[in-house]
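Working notes, structure below.
There are 2 protein chains.
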Amino acid sequence: MNFKVGIIGAGPSGLAMLRAFESEQKKGNKIPEIKCYEKQDNWGGMWNYTWRTGVGKYGEPLHGSMYKYLWSNGPKECLEFSDYTFSEHFGQSISSYPPREVLFDYIEGRIKQSNARKYITFNTVARWVDYNETTKQFRVVFDDLVNNKTFEEFFDYLVVGTGHFSTPNMPYFDGIDDFSGAVMHAHDFRGADQFVDKDILLIGSSYSAEDIGVQCYKHGSKSVTISYRTNPIGPNWPEGIKEVPLVTHFDGDKAFFKDGSSGVFDAVIFCTGYQHKFPFLPDNLRLKTKNCLYPDQLYKGVVFNELPQLMFLGMQDQYYTFNMFDAQAWYARDYVLGRIALPEKAEREKDIEKWVAEETKTETPFDHIDFQTSYIRELIAQTDYPGFNLDQVAAMFKQWIKDKETNVLTYRDKVYTSVMDQCKAEIHHTPWMKELDDSLERYLEEEVEVK
Amino acid sequence: MNFKVGIIGAGPSGLAMLRAFESEQKKGNKIPEIKCYEKQDNWGGMWNYTWRTGVGKYGEPLHGSMYKYLWSNGPKECLEFSDYTFSEHFGQSISSYPPREVLFDYIEGRIKQSNARKYITFNTVARWVDYNETTKQFRVVFDDLVNNKTFEEFFDYLVVGTGHFSTPNMPYFDGIDDFSGAVMHAHDFRGADQFVDKDILLIGSSYSAEDIGVQCYKHGSKSVTISYRTNPIGPNWPEGIKEVPLVTHFDGDKAFFKDGSSGVFDAVIFCTGYQHKFPFLPDNLRLKTKNCLYPDQLYKGVVFNELPQLMFLGMQDQYYTFNMFDAQAWYARDYVLGRIALPEKAEREKDIEKWVAEETKTETPFDHIDFQTSYIRELIAQTDYPGFNLDQVAAMFKQWIKDKETNVLTYRDKVYTSVMDQCKAEIHHTPWMKELDDSLERYLEEEVEVK
C-alpha cells in the first residue's frame, strides 16, 4: 500500500487509530505507512497528568485538564475496550470507579501489547496543514519542540485526534478583572489541596463544576458555591455545597448573583466548558462545532464531508468514550483501507442531516444516551471491532445518572458488571468519600487501613 | 512604492514601526503599503492588561505578563520617546516611576496622534509563514480569532515585534507535582491581593522576583522568600523578605533549599524568565536566542542576517526600552526605504561578531548599560530619529541601580530630569510604599488624602 496516513495526537483517539491498524496487521494484512505526532512527552492525552498550567514546558497551550484526585465519574464498565477488558489488564476484579492513575494504566496496558509506540513522535506539535488539490495530499508542518526545529510531512489521509477539552471557554463577568482572590478555569485546576479551608465559587453546571465541587468538599474546602446559568445540577447537595443562579458581577472579593444574594470568596473557578480549536488547520478544513452529539460536518461522526481524506475522532460530546473512539477508529481504518466505500457527498450530507435532526429531538440525558448508543451501534456493525451488548451499557449509563441524583457523594461506591466478560466489579476497600489517596498502589491493595 | 511590509504585533515595537513610517509620510514622502496584525484586542502589547491567565479568550497563549499594581521599575526618563515627551502628553510634570495605566496612556497618546490604528487588524494571530525563494515574498497565514477564519497575505518585508516576555520558562523541581498550594509562573501573576497574609516563595533572582516580592510585601503577604540559583538579588531586604539558595525539592507544602533550610509555603511563583518563541516561523527563519544584549542572528540587532527582508524589533535584553524600539524601527524603516544599504552577508556577520564579542566582555550591570548605550548611539546616528543625550540616560540607569541597592522599597520615590525636554519630575504626592491605588485618576490628583 503506497499511501501514508498521518495521525495527530496520541491520546485515547489517536491510540485507538493505531490499535485499529495494528489489529489488522496482526491478521497478516498489509497496512499503509503510518505516522503519529503527539505534542506531549507521553501518550494518554487527557490522562497524562501534568502539574503545569497554562502553557507547557515549551510554551504550547497545555493539553491537560486533569487534576489530582480525579476518579472516573462514570462506571468503567461503560468505557471498557471490547478487545481488552479490565479483568484481562488487572488480573482481578476492581471497583467500578477507578482513579486517574488506574485508568491511565489500563489505557497504556492495551497499547503496550502492540508496537504502536514506534509510530509515535512525541514533543512534536502540528503547526500548519495545507491541502494540495493537485497531488491530493496534505502537507503538515510539524514543530519539534525539544530541538526547536520544523519539518514537513506529506500524507494522503489525515486523522485528527486532538481532543476538545483543552481550550478553555471563559466568559467575562463585570468586575472579575479586580476580583482579589484566585481566578482560574477548570482546565488549570490541579487538585483540591490549594482550596482547603477556602470559600470557593464555581461557575458552571456541567461535569467540571459537579466534580470539582465535590472534590473540594471532600478534601476540606470551607464552602463550595456553584453558580448556574440556566438549570442547577440539582442533586441533593450536602451541607457545605450549594447552588445559586448566575453571577451578575464581582466587587472586590464579593460575587453577586441573579437572585440578589451575594457571597465573599477566596477563589473563583470557571467551569464554563471548552472550545473546539484546531489552530493548525486552515479554516476550510476546520471542524467548527460546539460540544454536541453529532457535529454537522462529519459523516458518520468521523469523515470530514468537504474532504473525506480528513477525519476527526472523538469530537462528540461524550457519554461513550474509549469504546466509541475505537468504533470510530475501526471505521476510519476500513474506509482508508478501501473496505468501506463512502457514498457521494450529497448522500453523505443527507445522512448527516438525518442524524443532526435526530439529535435535535433529544431532550433528556436518557435521550442523549440512546442517541449515542444508536450511533455506535451503526458504526460497529460496519467493522470487525468486537461487538458488545450496547443496550446493557445504555442501561448502565441511565442507572449511573440515577445513582448520582440519589447521592453525588456515594455514587462511586456502586458496582456494575462488565458487558465484555461479565466480570462483576468489586466493592472498593474504602468508601470514596473516605479515600483521600488516589494512587494505583493504594487502589490495588487488598487489605487497607483507613488513613 | 509597490512593495508591502507586514508587521506582526502592535505593542511598543510594532507601534514604533508604524510611527516611523508615519513620521516619514508626514514629511510628504511616500511609504510602502503597510499592514500590522495584533493577537490581542487592543494595542500596547505587554502594557495591555488582562485579567486572564494561561490562554486568552480564543485559546491563544496569552501575551500579557502584566499585573495589577505594577509601577515602572525604572525611571520613566530612561524610556521616554525622543519625539513625544511625558510633559507633552500630560501637560504637567509627573513622578519618575508611574504605574501601568499611566504608562499605557503615554504610549497610546503618541500613537493616537497618528493614523496608525487604520493599519492594524486586531484579534488576529500570525499562524504560519512561508518564504518563497522565487517571488522573494513571505506568505503569512493569519487566523482571525473572532470569526474563526484563516487568510493569507503576501509581504516583501516582514517585521516581527511579538516580544519575548510571554512564554514562561518553568523548570521542574522534584516534588513540585504534589506541592499542595498554588503554583504559577510570574507570567500568570495578576496582583498581590491573592497573597495577602500568605507565605509565598518566589524562585528566581531577576526583575520579576524582585518586583513581585516587593509588591507582595507591600500589599500584605505574611512572608516573602526568594530562592536564587546563583547570586542573591542582594538589596537590604526589610524584615518579611528574605533570600535563600535554590530549592532542592518540595514535599507537600514544604520547600527545601540548598543550604539545608526549609519552609512551609502557601504559594510558589516561578520567576524563572521567558523563552523567545516564534511558533509561526519555520525554524530557518526563527530567531533562536536567550535573553541577551546582542542576539547573534541579527545585524544591528534588527535585520535577520540569513534573510534581511525579515526583521525583529525589541528582541534584546532590555535596559533601554521604548526609545530603543524607536531607534530600531527608524533603522528598519530606512533600510526598507532603501536609504540604508546593507553590506554583504559576510560583512554583516563580522559586524555581528564584533558586537557579540563585546558583549562577552561585559560583566557588571554598568557594563551592560554602557554596551546598550553604544548600540543605540550607533543606530540613532544612521536615521533622523531625534537624538538625545545618551550619556545622561546611561548615568540615570546607573543611579537607578544604586537607588535600588540602597532601598528597594523607596527607590521609586526618587526623581529624575528628562533629557528630552529638561523637565524635572515631581515628587509624587504619596510615598510609593503607602500608595495602594495605582489608577491613573489617583496618580494625577493634585492633592490627596493618604487612604
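So the protein sequences, as listed, match chains V and C. Using our numbering, the letters of the first sequence map in sequence onto residues 45 to 495. Using our numbering, the letters of the second sequence map in sequence onto residues 45 to 495. Note that CB positions come from ideal geometry on N, CA and C, so glycine has one too. Since the model is a prediction, treat every value here as computed from it, not as a measurement.
Distance between residue j and residue i (C-alpha atoms, nearest Å)
| i | j | result |
| --- | --- | --- |
| N433 of chain C | F209 of chain V | 54 Å |
| T429 of chain C | D370 of chain C | A small correction: the amino acid at residue 429 of chain C is Tyr; Thr does not occupy that position in the sequence shown. Those two C-alpha atoms are separated by around 8 Å. |
| L386 of chain C | P215 of chain C | 40 Å |
| L320 of chain V | L488 of chain V | The sequence shown places His at residue 320 of chain V, rather than the Leu named in the question. Those two C-alpha atoms are separated by around 36 Å. |
| H263 of chain V | F309 of chain V | 17 Å |
| L246 of chain C | F134 of chain V | 43 Å |
| K242 of chain V | V99 of chain V | 26 Å |
| V203 of chain C | E82 of chain C | 12 Å |
| K495 of chain C | F300 of chain V | Caution applies to K495 of chain C, whose pLDDT of 49 falls short of 50 and renders its modelled position unreliable; the model cannot decide the point. |
| K458 of chain V | K286 of chain C | 52 Å |
| V347 of chain C | N167 of chain C | 27 Å |
| Y364 of chain C | T269 of chain C | 29 Å |
| A236 of chain C | D222 of chain V | 11 Å |
| K302 of chain V | G55 of chain C | 38 Å |
| Y272 of chain C | V288 of chain C | 6 Å |
| E177 of chain C | F199 of chain C | 13 Å |
Proximity winner among the options, relative to residue i (alpha-carbon distances)
| i | options | result |
| --- | --- | --- |
| N92 of chain V | V:V99, V:G108, V:I78 | V:G108 |
| A143 of chain V | V:S116, V:Q443, V:N167, V:K162 | Going by the sequence as given, residue 143 of chain V is Pro instead of Ala. For P143 of chain V, the nearest C-alpha among the options comes from V:S116. |
| A230 of chain V | V:G296, V:M110, V:E124 | V:M110 |
| E403 of chain C | C:F199, C:D414, C:I220 | C:D414 |
| S252 of chain V | V:T316, V:N191, V:A438 | V:T316 |
| G345 of chain C | C:I420, C:N191, C:K101 | C:I420 |
| E470 of chain C | C:R456, C:N349, C:K478, C:M464 | C:R456 |
| F182 of chain V | V:K71, V:G248, V:M368, V:M355 | V:M355 |
| V240 of chain V | V:E254, V:D232, V:Q259 | V:Q259 |
| G89 of chain V | V:V190, V:G207, V:T194 | V:G207 |
| P339 of chain C | C:L357, C:F198, C:S250 | C:L357 |
| S137 of chain C | C:H472, C:W476, C:L480 | C:H472 |
| V380 of chain V | V:P76, V:S67, V:E350 | V:P76 |
| R171 of chain C | C:S158, C:A54, C:E197 | C:E197 |
| S126 of chain C | C:I256, C:W95, C:P475, C:G431 | C:G431 |
Test item: CB-CB of residue i and residue j under 7 Å
| i | j | result |
| --- | --- | --- |
| Q329 of chain C | Q360 of chain C | Reading off the sequence, residue 329 of chain C comes out as Leu, not Gln. No, the Cβ-Cβ distance between L329 of chain C and Q360 of chain C is not below 7 Å. |
| S224 of chain C | D295 of chain C | no |
| P119 of chain C | S139 of chain C | no |
| A64 of chain C | A373 of chain C | yes |
| L62 of chain V | Y201 of chain V | no |
| E121 of chain V | M368 of chain V | no |
| D149 of chain V | V169 of chain V | no |
| V452 of chain C | P276 of chain C | no |
| Q436 of chain V | V463 of chain V | yes |
| V146 of chain V | L484 of chain V | yes |
| L13 of chain C | F366 of chain C | With chain C covering 45 to 495 only, the question about residue 13 of chain C has no answer from this structure. |
| G50 of chain V | K79 of chain V | yes |
| Y113 of chain C | D482 of chain C | yes |
| Q341 of chain V | N349 of chain V | yes |
Within-7 Å CB hit, residue i to chain C
| i | result |
| --- | --- |
| T194 of chain V | yes |
| S224 of chain V | yes |
| W95 of chain V | yes |
| T211 of chain V | yes |
| D232 of chain V | yes |
| V308 of chain V | no |
| E350 of chain V | no |
Chain V contact for residue i (CB, 7 Å cutoff)
| i | result |
| --- | --- |
| S57 of chain C | no |
| K495 of chain C | Because K495 of chain C carries a pLDDT of 49, less than 50, the predicted location of this residue cannot be relied on, and the following value inherits that uncertainty. No, no contact with chain V. |
Contacts that residue i makes with chain V (C-beta to C-beta distance below 9 Å)
| i | result |
| --- | --- |
| Q319 of chain C | Y102, G103 |
| D237 of chain C | D222, F223, S224, G225, G296, D297 |
| M110 of chain C | Under the 9 Å cutoff, chain V gives no residues; its nearest Cβ is about 12 Å from M110 of chain C. |
Proximal chain C residues relative to residue i, where beta-carbon distance stays under 8 Å
| i | result |
| --- | --- |
| V185 of chain V | W172, P326 |
| V332 of chain V | The amino acid occupying residue 332 of chain V in the given sequence is Lys; Val does not appear at that position. Simply N192. |
| M214 of chain V | R96, K101 |
Under 8 Å by beta carbon: chain V residues contacting residue i
| i | result |
| --- | --- |
| K242 of chain C | Those within 8 Å of K242 of chain C in chain V number zero; the least Cβ separation is about 11 Å. |
| V346 of chain C | None at all; the shortest Cβ gap to chain V is about 21 Å. |
Residues that residue i contacts on chain V, provided the C-beta gap is smaller than 7 Å
| i | result |
| --- | --- |
| V146 of chain C | Here the premise fails: no neighbours, minimum Cβ distance about 18 Å. |
Chain C contact residues for residue i, given Cβ-Cβ distances below 7 Å
| i | result |
| --- | --- |
| P323 of chain V | R171, D187 |
Partner residues on chain D for residue i, Cβ-Cβ distance less than 9 Å
| i | result |
| --- | --- |
| M359 of chain C | Protein chains in the displayed structure are V and C, and chain D is not among them. |
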